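Peer 1: Our numbering puts the first residue of the sequence shown at 604, with every later residue one more than the last.
Don't be surprised by glycine CBs; every beta carbon is placed ideally from N, CA and C.
For clarity, every value in this text was computed on a predicted model and none was experimentally measured.
The structure follows.
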Amino acid sequence: MIKLQRPEGTRDYLPEVAEKKRYIEDKLHNLFKGWGYEEIITPTFEFYDILSAGTEGLQTKMYNFFDRKGQILALRPEMTASIARVAATKLKDSPLPLRLSYQSNVFRYTSPRAGQYREFYQAGVELLGITSPMGDAEVIAMAAKAFEESGLKNFKIDIGDVDYFTGIMKAAKLEEEEQIAIRQALSQRNVVELEKLLTETELTEKQKEAILSVQELRGRVEVIEKAKDLVDNQESLESLINLEEVYRNLELLGVSEYICIDLSVVRNFNYYTGIVFEGYTKDLGYTICGGGRYDRLVSKFGYSVPATGFAIGIDRLLLSLEKQDYNFPLIKDKILVLIDPAYKEEGFALAEELRGKDKQVEIEIFNRELEDVIEYIDSKGLELKVVGEELEAKVKTLVGGKE
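What follows is the structure, given as structure tokens:
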């Protein structure tokens, strides 16, 4: 006997939820297109080496398998590495900048919970070939506009710069392993672990204070001035100047009301090199989108080009909208055309005419009893159109009798 179960961490999208998901995806697709981003579609699985090179921090969460030639393949855990591969091969000679968008399913072996699945959907953009703060501001503004277009309320986008944190680490002469561990604790906002890690280093009290204070550097643009007083290394200071310019551009793009500067945002992936950001709403306990600059990632595939981008979790965005009781504009004009066999041509023509007016139209093809037809349309909330005078009279008699 076959067990009729889904694998853990997967889900079925039943019609109403699937329609809501498609609504969100269409909104995002149109937004990305409006900003000049062209859609790209890549394979669901890649060679393991490609994905592992481009997704540091995710190797242990990838689904790996062998093909019949003994080659190691993996299901993509995110899209950035795949797009980097395409940019370094098929798009290497294309004029810059490259503006690419995507919508795809991705796979990670994680602990399933509400809003976190092992197969889930992402939509996002990648901007390649621009190093200026305006490039970072563009993708952050798009993330804000994506939330707006989807109908999300009460959202914020925290922005930071990993070079601020990296500058402190380098000035303190910490080993790379120590830097990664501290960065991970900071990313997870694990204060206890962060303090423990700092006590195990040979940092001065001032250096420890500079790292611990990162957690408190959160707010509007004045936070940047506070941060400048805490560091004296050039890399951190330059990152703050860059962050301020990004923020000024976001003001000009009209989205600064959604922006919060947070220098503790460092993201978990080690490939980020500058501006990073995360989007969230108070209705959900975790981020809905994340992104940032990754200037060194594409060079791993033999093409040195700066890049920045973000991904939105479709499942998490859908869950957030449902928690906010968002009124999805689902198709409301759903019709069943009931046709007398003698009037098939007229019935089919009516159905086509209605579909041309963006109606959702079914044709009754079961030849059921009229009582069953009425029960069916009532259960599905369909409007009934009858073609054929005699049949229409029978329906009116039946419905009138029930009333």
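Classify E1006: buried if its beta carbon has 16 or more other beta carbons within 10 angstroms, exposed otherwise.
Peer 2: Residue placement at E1006 cannot be trusted, given a pLDDT of 49 that sits under 50; what the coordinates show is reported in the next sentence. E1006 comes out exposed.
Peer 1: Near G612, what residues of its chain come up, given a Cβ to Cβ distance below 6 Å and the 5 sequence neighbours on each side ignored?
Peer 2: Once the five neighbours on either side are set aside, the close Cβ partners of G612 are P715, Y720 and R721.
Peer 1: Would you mind reading off the limits of the beta strand (DSSP E) that contains Q963?
Peer 2: It spans Q963 to I966 - the beta strand (DSSP E) in which Q963 sits, taken as one unbroken run.
Peer 1: On the three-state DSSP scale, how would you describe T807?
Peer 2: coil
Peer 1: Looking only at its own chain, which residues have a Cβ that is under 7 Å from the Cβ of T840, when we skip the five neighbours before and after it?
Peer 2: A small fix is needed here, since residue 840 is Leu in this sequence, not Thr. Around L840: K831 and V834.
Peer 1: For A687, which residues from the same chain have a beta carbon less than 7 Å from its beta carbon, with the 5 sequence-adjacent residues on both sides left out?
Peer 2: G657, L900, V901 and F904
Peer 1: Using three-state DSSP, classify E1006 as helix, strand or coil.
Peer 2: Note that E1006 scores 49 on pLDDT, short of 50, meaning its location in the model is unreliable and no value can be drawn from it.
Peer 1: Using the three-state DSSP reduction, which class does A677 fall into: helix, strand or coil?
Peer 2: strand
Peer 1: Would you identify the three-state DSSP class for T884, choosing helix, strand or coil?
Peer 2: strand
Peer 1: Does the contact criterion of 3 or more C-beta pairs under 8 Å hold for the region 851-870 versus the region 798-813?
Peer 2: Contact between the region 851-870 and the region 798-813 is not established, with fewer than three Cβ pairs separated by less than 8 Å.
Peer 1: Give the DSSP-derived three-state secondary structure of L856 in the structure shown.
Peer 2: coil
Peer 1: Determine the burial state of T884: buried for a count of at least 16 other Cβ atoms within 10 Å of its Cβ, exposed for fewer.
Peer 2: Buried, because 16 or more other Cβ atoms sit within 10 Å of the Cβ of T884.
Peer 1: Can we say the region 697-716 touches the region 673-683, given the rule of at least three CB pairs closer than 8 Å?
Peer 2: Short answer: they touch.
Peer 1: Flag this pair as yes or no: are the beta carbons of L843 and I827 separated by less than 7 Å?
Peer 2: yes
Peer 1: Under 8 Å Cβ to Cβ from Q963, same chain only, skipping five residues before and after it: list those, please.
Peer 2: I934, D936, K937 and I938
Peer 1: Jot down the residue ranges of each uninterrupted alpha helix (DSSP H) in the region 693-774, minimum 4 residues, whole runs only, in chain order.
Peer 2: Taking only runs of at least 4 residues, the alpha helix (DSSP H) segments lying wholly in the region 693-774 are 736-753 and 765-774.
Peer 1: Hey, quick one: how far does the beta strand (DSSP E) through G895 stretch, first residue to last?
Peer 2: C892 to R896
Peer 1: Which two residues bound the contiguous alpha helix (DSSP H) that contains A910?
Peer 2: Counting along the chain, A910 falls outside any alpha helix (DSSP H), though it belongs to the beta strand (DSSP E) covering A910 to G916.
Peer 1: Beta carbon of I878, beta carbon of D696: below 7 Å?
Peer 2: no
Peer 1: Would you kindly check if the distance between the Cβ of L699 and the Cβ of G732 is under 7 Å?
Peer 2: yes
Peer 1: Quick one: using the 10 Å Cβ neighbour count with 16 as the cut-off for buried, is F880 buried or exposed?
Peer 2: Around the C-beta of F880, 16 or more other C-beta atoms lie within 10 Å, and the residue is accordingly described as buried.
Peer 1: With respect to the alpha helix (DSSP H) encompassing N633, which residues constitute its N-terminal and C-terminal limits?
Peer 2: P618 to G637
Peer 1: What residues match up with K988 in a beta bridge as DSSP calls it?
Peer 2: V940
Peer 1: Grab me the residues of L965's own chain with a C-beta within less than 6 Å of its C-beta, minus the 5 sequence neighbours each way, in chain order.
Peer 2: It should be noted that the sequence gives Glu, not Leu, for residue 965. Cβ neighbours of E965 beyond the five flanking positions: L939.
Peer 1: From A996 to P610, what distance separates their C-alpha atoms?
Peer 2: Each residue's alpha carbon lies about 51 Å from the other.
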